[in-house]
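Residues in the sequence shown are numbered from 1 upward in steps of one, following my numbering.
First the structure, in the form of structure tokens, and then the observations on it.
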Amino acid sequence: MSALAEQQRTRRQYFAAPGGSHDRLIRLLRVLLPAIVGVLIAVLAFSPFTENRELSFLLAKNEVDVAPERMRVTDALYRGEDSKGRPFSLRAGSAVQKSSTEPVIRMSQLSGRMMMASGPATVIASRSVYDLDTEEVRVNGPMSFESAEGYSLTANDAVLAMKTQIVRSLGRASFTGKDGFTLVANNVEIDLRAKRMESHGRVNGRTRIGTFSANKLRADLNTRNVKLIGNAQLHIRQGALK
1 MSALAEQQRT RRQYFAAPGG SHDRLIRLLR VLLPAIVGVL IAVLAFSPFT
51 ENRELSFLLA KNEVDVAPER MRVTDALYRG EDSKGRPFSL RAGSAVQKSS
101 TEPVIRMSQL SGRMMMASGP ATVIASRSVY DLDTEEVRVN GPMSFESAEG
151 YSLTANDAVL AMKTQIVRSL GRASFTGKDG FTLVANNVEI DLRAKRMESH
201 GRVNGRTRIG TFSANKLRAD LNTRNVKLIG NAQLHIRQGA LK
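So, in structure tokens, the structure goes:
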């Protein structure tokens, strides 16, 4: 063994000898490392109470547009089901929800489609409001309804319940059957499923044979049976029954 190798081995033996520098280093690390870990744990534990949570930023833009509405959608489509599980859909040219606290959507150029027992039916309105909670469409102005059976309904200022398929018309409503039967009345409720019409308060209108007025009206649109209740007046056109 050379003199250099013998010298290096002697140094290693001295370093590893009991009470040497290696032992002193180990004793120091046994004390220092746990202390460092304890300090780190204390810093992490108390940092949420002392850390400054404020955040500031600079938006480099000359103008910032703030939308007054929560949601504005072009060509919006909503789908749902009625109380019997049949699908319906509402499509609008534009839809606006002003606030998340207001569960209504204002729609323009509304077109709706609902599935009925006899087949699909369509609804068209220019301006309307859709209530997300009640699933009702409130129409401001005219509304038209066409069924697969061939009858139609037009109404002004009406409310259409998509779940129950009931129309409540505050203005004038006109029902036209596929055989030309026509019944026009105001302040009425129409059950599109059962094809029944009933007034809420005094009513006036017309049929193919003449005009009428009464305190109340009940009509079965399937059988063409119209019942006038209270102060009923009917003016039959000459020759209308021929």
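All C-beta atoms, glycine included, are put in the ideal place defined by N, C-alpha and C.
Since we're looking at a predicted model, the values are computed, not measured.
Less than 9 Å separating the beta-carbons of residue i and residue j?
| i | j | result |
| --- | --- | --- |
| F175 | I190 | yes |
| S199 | R224 | no |
| G119 | F88 | no |
| G93 | S108 | yes |
| A214 | L192 | no |
| M162 | D75 | no |
Using the beta-carbon count (16 or more within 10 Å), is residue i buried or exposed?
| i | result |
| --- | --- |
| S99 | exposed |
| A194 | exposed |
| L55 | Because L55 carries a pLDDT of 44, less than 50, the predicted location of this residue cannot be relied on, and no value is offered for it. |
| Q233 | exposed |
| E102 | exposed |
| L110 | buried |
| A117 | exposed |
| G205 | buried |
| T182 | exposed |
Considering only the alpha carbon of each residue, which of the options lies closest to residue i?
| i | options | result |
| --- | --- | --- |
| A148 | N140, K178, L160, L221 | K178 |
| L153 | R127, M162, A185 | A185 |
| A125 | E135, N156, E81 | N156 |
Which same chain residues end up closer than 6 Å to residue i when comparing Cβ atoms and leaving out the 5 residues on each side of it in sequence?
| i | result |
| --- | --- |
| V188 | S169, A173, M197, S199 |
| L90 | Y78, G112 |
| S129 | This sequence places Val at residue 129; Ser is not what is there. These residues qualify, in order along the chain: V104, R106, R138. |
| V123 | G112, F145 |
| A60 | Because the pLDDT at A60 is just 47, under 50, the model does not fix this residue reliably, and the value given afterwards should be weighed accordingly. Nothing meets the Cβ criterion. |
| D65 | Low local confidence applies: a pLDDT of 47 at D65 is under 50, so the model's placement there is unreliable, with the coordinate-based value given in what follows. Closer than 6 Å at Cβ, skipping near neighbours: no residue. |
In the DSSP assignment, find the beta strand (DSSP E) that holds residue i and state where it starts and stops.
| i | result |
| --- | --- |
| F88 | 87-97 |
| H200 | Unbroken run through H200: none, as it is neither H nor E. |
| A155 | 152-156 |
Identify, in the order they occur along the chain, each residue of the same chain with its Cβ nearer than 8 Å to the Cβ of residue i, setting aside the five sequence neighbours on each side.
| i | result |
| --- | --- |
| G210 | L234, H235, I236, R237, A240 |
| P34 | none |
| R208 | G180, F181, T182, A240 |
Apart from the five residues just before and just after residue i, which ones in its own chain have a Cβ nearer than 7 Å to its Cβ?
| i | result |
| --- | --- |
| K216 | S199, V203, I229, G230 |
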